[in-house]
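The sequence shown lines up with residues 3 to 349 when you count with the working numbering. The beta-carbon is built from N, C-alpha and C at its ideal position, and this holds for glycine as well. Everything numeric in this text was worked out from a predicted model, so none of it was measured. Okay, structure first, notes after.
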Amino acid sequence: MRRECTEEERGLSFPCKLSVVVPCYNEEGNVSRLYDETLMVMRERGISFEVIFVDDGSTDGTMRQLEAIAGRAHSGVRVVELSRNFGKEAGIYAGLRNASGEYTVIMDGDMQQSPEVVLQMYDWLESHPEDDCVAAVQEKRREGAVISFFKRCFYSVINRAASVEFVAGASDFRMMRRNVVDAVLEVSDYYRFSKGIFSFVGFKTHYMPYEARPRGSGKTKWSFFGLIRYAIDGILGFSTAPLRITTWVGLVLSVLSFLYLVVVVVKKLIYGDPVQGYPTIVSLILLLGGLQLLALGVIGEYLGRTYMEVKHRPVYFQRRVIDSRDMKKTDSADAQSDENTEYNNRE
Numbered sequence: 003m004r005r006e007c008t009e010e011e012r013g014l015s016f017p018c019k020l021s022v023v024v025p026c027y028n029e030e031g032n033v034s035r036l037y038d039e040t041l042m043v044m045r046e047r048g049i050s051f052e053v054i055f056v057d058d059g060s061t062d063g064t065m066r067q068l069e070a071i072a073g074r075a076h077s078g079v080r081v082v083e084l085s086r087n088f089g090k091e092a093g094i095y096a097g098l099r100n101a102s103g104e105y106t107v108i109m110d111g112d113m114q115q116s117p118e119v120v121l122q123m124y125d126w127l128e129s130h131p132e133d134d135c136v137a138a139v140q141e142k143r144r145e146g147a148v149i150s151f152f153k154r155c156f157y158s159v160i161n162r163a164a165s166v167e168f169v170a171g172a173s174d175f176r177m178m179r180r181n182v183v184d185a186v187l188e189v190s191d192y193y194r195f196s197k198g199i200f201s202f203v204g205f206k207t208h209y210m211p212y213e214a215r216p217r218g219s220g221k222t223k224w225s226f227f228g229l230i231r232y233a234i235d236g237i238l239g240f241s242t243a244p245l246r247i248t249t250w251v252g253l254v255l256s257v258l259s260f261l262y263l264v265v266v267v268v269k270k271l272i273y274g275d276p277v278q279g280y281p282t283i284v285s286l287i288l289l290l291g292g293l294q295l296l297a298l299g300v301i302g303e304y305l306g307r308t309y310m311e312v313k314h315r316p317v318y319f320q321r322r323v324i325d326s327r328d329m330k331k332t333d334s335a336d337a338q339s340d341e342n343t344e345y346n347n348r349e
């Protein structure tokens, strides 16, 4: 599935300077405008680039729009159509596997991330060879107070629990050198959490503030509970803190239960006080039963992920790949064939 790099690509030269990876899901009204804007910005600067659109099982007309873009594109456009909806993380992974540029940038397909910011990232890497990656950090977020509160809580919790640092506000919108892309691709986890993977592989990263634009058309694909699930995936994927917390809670409860037992026995033997009755016993049973189920749930989450990882299932499947360069070659060959046929008829 991954396009193997030639010796030339692995050396000092690359097929293009910049690869733009755009995972898409039901972005029919945005992808064409995004491509046109990116094309205009890159042409003004004279940057050789390619765009890799990954259609993640869209149910609207996104794929038709991407086919049209590939058909009219003057620069390299590659459309990777996945066999079904595998999620944004799989879309990012598929895009990186198909990228071949010296630099690779990941953008959303909703028009909120401007190609002008991509140029700023590009200029930074060109002028700062000591940095390997530029990550965009959103300054002003267009979200409600509740979601903002939970996001702050998430970063606070995961930074205390994980062994790597998570920068608040840093998204998947980032530009990487080839060595960073190769390192990210080496992490072939089935349950992918790109923010954690970027932190895990390391490399020197510059964090660049930017302001997101309003969405071009359509609505966000992320629900509140979807974000909660995504946060849980991040915590479980890059920390064993939930298991440690479960262990400590069990230890504390065991000590408290033993002390309570000692107190009850002493009061009975010395003072003759009767043991507390039915309500106390029922309350303790319900409390301990609930904690046991919680602990089993945490352990089950880790076991379930381990079970899926050891299956070594692919992160995604490609239905087809459309490359504008191949389409141009086909058109040229057809045109040449028509010319030869016309010439032979004249003879």
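Quiz prompt | Rounded straight-line distance, which links the Cα of Thr40 to that of Arg215 | solution = 15 Å
Quiz item: When the Cα of Trp126 is compared with those of Ile272, Asn181, Arg176, which residue comes out closest?
Solution: Arg176
Exercise. Sort Arg179, Lys269, Gly93, Gln320 by Cα distance to Gly103 and report the nearest one.
Key: Checked all of Arg179, Lys269, Gly93, Gln320; the closest Cα to Gly103 is Arg179.
Quiz prompt | Glu11 versus Gly292 - alpha carbon distance | solution = Low confidence applies to Glu11: its pLDDT is 39, below 50, so where it sits in the model is not reliable, and the reading given next is rough at best. The alpha-carbon atoms of Glu11 and Gly292 are separated by roughly 57 Å.
Quiz item: Tell me which same chain residues have a C-beta within less than 7 Å of the C-beta of Glu30, skipping the five on either side of it?
Solution: Asp62, Gly63, Thr64, Gln67
Quiz item: Taking the beta strand (DSSP E) that Asp325 falls in, what are its first and last residues?
Solution: 320 to 325
Quiz item: Can you tell me the Cα-Cα spacing of His208 and Glu167, whole angstroms?
Solution: His208 and Glu167 have their C-alpha atoms some 14 Å from each other.
Quiz prompt | Euclidean distance between Cα positions of Asp20 and Asn28 | solution = This sequence places Leu at residue 20; Asp is not what is there. Going from the Cα of Leu20 to the Cα of Asn28 covers about 25 Å.
Quiz prompt | For Tyr192 and Gln294, the rounded distance between their alpha carbons | solution = 28 Å
Quiz item: Is the segment 98 to 118 in contact with the segment 46 to 56, if contact means three or more CB pairs nearer than 8 Å?
Solution: yes
Exercise. Note down, one range per segment and in chain order, each beta strand (DSSP E) of at least 3 residues found wholly within the segment 155 to 230.
Key: 172 to 179, 207 to 212
Quiz item: Just curious, the alpha helix (DSSP H) that Thr64 is in, first and last residue?
Solution: 64 to 74
Practice problem: Answer yes or no: does any C-beta atom of chain C fall closer than 9 Å to that of Tyr209? | Solution: Absent from the structure is chain C; it holds one protein chain and no more.
Practice problem: Throw me the rounded Cβ distance for the Gly111 and Val24 pair, which I believe falls under 8 Å. | Solution: 5 Å
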